[in-house]
Each structure stands twice: as C-alpha cells, then as structure tokens.
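First the structure, in the form of structure tokens, and then the observations on it.
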Ligand SMILES: NC(=O)c1ccc[n+]([C@@H]2O[C@H](COP(=O)([O-])OP(=O)(O)OC[C@H]3O[C@@H](n4cnc5c(N)ncnc54)[C@H](O)[C@@H]3O)[C@@H](O)[C@H]2O)c1
C-alpha cells in the first residue's frame with residue numbers, strides 16, 4: 534500500500550481510464566496534465582484512432598491540451614486491454630443506460646470489470662465512476678476482484694467516486710468540481726482520496742461506496758423531481774391562463790428558500806432521465822416504491838406531448854393544421870451549447886410531429902445529422918442570419934450537401950434548445966409575422982408579438 538501511495542504522491546502511478554467518453558476523456562486529460570502517465574482504454578476504435586492522431590472529440594476538452602499531452606506521450610489510447618496489467622490505478626467510466634423496461638443495464642460495467650479482472654495484479658486501485666444504484670461496487674465488483682491472493686484493503690483497493698461533470702459548463706470543470714469518494718474499506722478510501730486529491734481541488738470522503746453511490750442519485754433525483762415539479766406548474770399555468778415564466782421569475786426574487794428551475798420540452802442527456810430509475814429499480818427489489826421518482830419521470834416524459842398539443846393549438850389559431858405543415862425545430866441537442874443528442878426530447882418531438890403528418894426539419898449547429906431511432910435527417914442551413922456571431926455557423930459542423938431553407942417558408946419554428954448562438958431579436962426579424970414561433974425555452978422576451986407562443 535505504501536508503495537502505491539508513494540507512486541501516487543510522486544505522480545508516477547500509471548493511470549488507466551476505461552471508457553473515453555464525455556466523462557472518461559476529460560478525466561484522462563486532467564490526470565495527464567498533472568503529470569501522471571495515462572492510458573485510455575476503449576472498445577470504440579474511432580475514439581482510439583482520434584486520440585492517437587491527437588484529435589479531440591469531446592467538446593469540453595481543450596484541443597491544444599489534448600494534443601500536447603498525446604505528443605508528450607503522457608496520454609495514450611488503446612484497445613489492447615492486456616495493458617491493464619501495467620496500470621496502478623484504474624477508473625471505470627463506461628455507460629450505464631436503462632433497458633427498455635427501465636431496468637438498469639449493467640452490461641458495460643460487467644464487461645469492463647471482466648477486462649480488469651483478467652489483468653489484475655497486487656497493489657492496484659480500482660475506482661468505479663459510472664453512475665449506478667447503491668450497492669453496485671460492493672455487490673458486483675468486489676466479489677470479482679477478491680480472492681485469497683487479492684485482499685481488499687491490503688493489496689487490492691476498491692472505491693466508488695461519482696462523476697459530476699456538467700458538459701458545456703464554462704466554469705466548473707474536472708479540477709474545480711468537488712469529488713465525492715467512498716471506499717470499500719477505510720484504506721481503500723484513503724488511497725482513492727490520495728489519488729484524486731492530486732487532480733481535484735476538493736475531495737469529500739463519505740463512509741462507504743454505497744453512500745457515495747447514493748450521493749450521485751440524490752443529486753440527480755433532486756434535479757429530475759424539481760424539473761418535474763416546474764413542468765407540472767407549466768401544465769397547471771396553461772389551464773389557469775397564467776404565464777409560468779413570469780411566475781417563476783417573480784418567485785425567484787425571494788432571497789431564501791426557493792431555487793429556480795424552468796420548464797422545457799422534456800428531459801435529456803445520459804444522466805437526469807436515467808439515473809433516478811437506477812435508484813427506483815433498486816428500491817423495488819426492497820419492496821419500496823420510489824414515488825417522487827416515478828411521478829417526476831411520468832410528468833417529464835410527457836412534456837413532448839404537451840408541447841405538441843400546444844403547438845397544434847397555435848397552428849390552429851393561424852388557420853393551419855399539422856398535416857403538411859412545414860415545421861423547423863431550432864436546436865435539438867438535449868441542452869444548450871452541447872453536441873449531445875442522447876435522450877434529447879427533440880427526438881420524441883420529431884417522432885410525434887411526423888406522426889401528425891407534419892413536414893419536419895431541424896437546425897442545430899452542433900448536430901449535423903441524426904442517424905438513430907429510424908430517423909435519418911440532416912440539419913438544414915438557414916438563408917437568414919439569426920446568429921449572435923455571423924461567423925458561428927462556419928466554425929461548427931455543417932452537414933455535407935446542406936439543404937438551404939428560409940424561415941419564412943415554414944409554418945412554424947420551434948425553439949427546442951436555446952443555444953447561445955441564436956439571437957432572439959434577429960430571429961424575430963427573420964421570421965416576420967406570419968410564421969408561428971413556438972418558444973419552449975422562454976428565449977423570446979417580447980411578450981406582445983401575436984405570432985409568438987410559449988410553453
Ligand atoms: N455525460 C455526462 O454528463 C455524465 C455526467 C456524470 C456522470 N456520467 C456517468 O458516467 C458514465 C459514462 O458516461 P459518458 O457520458 O462518459 O458515456 P459515453 O458513452 O460518452 O462514454 C462511455 C465510453 O465507454 C466506452 N465503453 C463501453 N464499454 C466499454 C468497455 N467494456 N471497455 C472500454 N470502454 C468501453 C464507450 O465506447 C464510450 O466511449 C455513465 O455512468 C454516466 O451516467 C455522465
């Protein structure tokens with residue numbers, strides 16, 4: 534143990550990061566930046582090739598930093614898992630999606646643990662970072678890495694440390710977002726604490742892996758439930774003919790006891806729509822029904838239906854119907870300024886609007902094309918300039934052979950994701966007064982326009 538601790542404090546411990554996605558790549562780059570030799574493991578050849586060619590593929594990672602670390606040999610990528618035998622510390626950052634039944638899909642964690650197990654050696658620290666239900670680390674991983682040869686807390690160390698990365702956040706990055714850690718034993722916690730303290734400003738120890746797993750689920754359930762509450766407020770305000778955005782902004786003037794959340798077209802991303810269901814599933818096995826989670830999930834997942842219903846009413850007021858209407862979705866990433874489409878409510882909207890026989894297209898400077906859920910669509914290019922920075926669309930991804938459209942050809946334009954490149958005044962000018970502008974994000978502040986409708 535002392536040997537591992539000395540390597541960690543000397544920053545010579547060899548770090549393996551398994552899964553080089555939104556979580557794993559920034560972590561690997563951070564370790565390399567602080568001087569650790571880092572090897573990233575992934576089953577996705579594209580990512581490994583990109584890394585080997587010093588090309589960054591994750592928005593939050595700085596291109597120059599990644600290129601510098603790969604060039605210096607401090608950061609490498611490989612598909613060869615036998616190199617785990619050279620690692621002192623391994624962080625597992627693989628996906629934890631849901632199955633169609635909303636049960637946890639732990640197959641990625643299981644596969645990663647099998648890869649580690651094959652090349653296990655004494656004096657190793659293994660940290661699970663993937664979000665999962667309380668008990669996973671000790672129930673699923675511990676038995677796999679324990680044997681008479683490998684004794685936890687003596688010559689093998691295991692911890693859970695939830696990842697809190699907030700993609701697109703310009704302030705909070707890996708190094709300045711406090712990190713929670715729980716070890717299988719106090720020594721495991723001590724070693725994991727020593728490691729992460731090398732790269733993160735504040736490390737918070739909790740008493741067990743189970744507590745650390747629960748911390749992450751509390752954080753994300755808190756968000757899912759509060760978003761669910763405010764989404765239901767939007768539905769209630771509609772019935773009461775009250776502007777929900779005005780109500781929220783006024784309530785937020787209370788300097789204590791209130792925290793602002795906004796309604797929207799639904800939940801997206803790999804975390805908030807998924808993680809609470811890990812907790813709810815676990816509780817079902819203990820004969821307990823996690824009611825807040827189920828209710829919030831129900832309300833949030835019906836927001837695209839609510840939006841389609843309100844948009845239908847708006848079209849109706851303009852003597853239009855869905856069938857044959859040309860509808861443009863502005864922004865389809867799951868949140869502002871990211872290039873991530875996972876679980877985005879825009880995908881539900883596309884399906885729902887197509888089912889209404891509408892003719893739908895989308896614009897998103899971060900997402901040139903959709904290739905999933907039997908949807909195959911390319912982002913359109915706009916004739917009009919609606920951007921903060923006119924150079925913006927040139928800098929970001931454009932689809933090959935782009936289709937150009939004019940906003941005024943549309944029957945409705947829906948702001949689904951209010952990327953900061955869109956400028957509301959220019960959008961209003963470009964649209965004119967005949968096209969329905971449906972704003973699901975309260976981007977348009979001018980409340981007198983008769984063709985603007987809000988969620
Ligand atoms: N994206 C976020 O904002 C975020 C934030 C906090 C926590 N998390 C959690 O972190 C975990 C990872 O999420 P992500 O967004 O980075 O996912 P991701 O899909 O971006 O990346 C996961 C990577 O793991 C790779 N992978 C899958 N199986 C593998 C295996 N057996 N061996 C090696 N590599 C493998 C995939 O190819 C992929 O590159 C999830 O549990 C997620 O809930 C994500």
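Residue numbers (the numbering used here): 534 to 988.
Idealized CB from N, CA, C, for every residue including glycine.
Here DSSP, grouped into helix, strand and coil, assigns residue 922 to coil. For residue 579, the number of other beta carbons within 10 angstroms of its own is below 16, and it is reported as exposed. Out of 782, 974, 962 and 985, the CA that lies nearest to the CA of residue 792 is found in 782. Taking residue 915 as the centre and dropping the five residues before and after it, the same chain places the C-beta of 896, 938 and 940 closer than 7 Å to its C-beta, in chain order. Residue 637 carries a strand assignment under DSSP once its states are collapsed to helix, strand and coil.
DSSP places residue 730 within a helical segment (H, G or I) once states are collapsed to three. For residue 622, the Cβ stays outside the 6 Å cut-off from all heavy atoms of ligand 1.
Taking C-beta atoms under 8 Å as the contact rule, residue 882 and residue 949 qualify, at a distance of about 6 Å. Residue 845: member of the alpha helix (DSSP H) spanning 836 to 850, first to last residue. With a beta-carbon spacing of about 5 Å, residue 641 and residue 628 fall inside the 8 Å limit used to define contacts. Shortest gap from the CB of residue 636 to any heavy atom of ligand 1: 6 Å or more. A buried status is given to residue 584, since no fewer than 16 other beta-carbon atoms sit within 10 Å of its beta-carbon. Between ligand 1 and the CB of residue 597, the shortest heavy atom gap is not smaller than 6 Å. Counting along the chain, residue 742 sits inside the alpha helix (DSSP H) bounded by residues 742 to 773. Counting along the chain, residue 624 sits inside no alpha helix (DSSP H); it lies in the beta strand (DSSP E) bounded by residues 622 to 625.
Secondary structure of residue 717 (DSSP, three-state): coil. For residue 860 against residue 838, the beta-carbon gap comes to about 16 Å, at or over 8 Å, which does not count as contact. Runs of the alpha helix (DSSP H) lying entirely within the segment 631 to 686, each at least 4 residues long, are 640 to 651 and 675 to 678 in chain order.
DSSP lists 860 and 969 as the beta-bridge partner residues of residue 945. Residue pairing for residue 937: DSSP places it in a beta bridge opposite 914. When secondary structure is reduced to three states using DSSP, residue 557 falls in the helix class. Just so you know, the alpha carbons of residue 561 and residue 682 end up roughly 29 Å apart. When beta bridges are read from the DSSP output, residue 572 appears opposite 549 and 609. Residue 693 is a Cβ neighbour of residue 745, given a cutoff of 7 Å. Excluding its 5 nearest sequence neighbours in each direction, residue 876 has C-beta neighbours in its own chain below 8 Å: 800, 801, 802, 803, 806, 807 and 867, listed in chain order. With contact defined as three or more Cβ pairs closer than 8 Å, the segment 704 to 720 and the segment 728 to 738 are in contact. At least one heavy atom of ligand 1 falls within 6 Å of the beta-carbon of residue 696.
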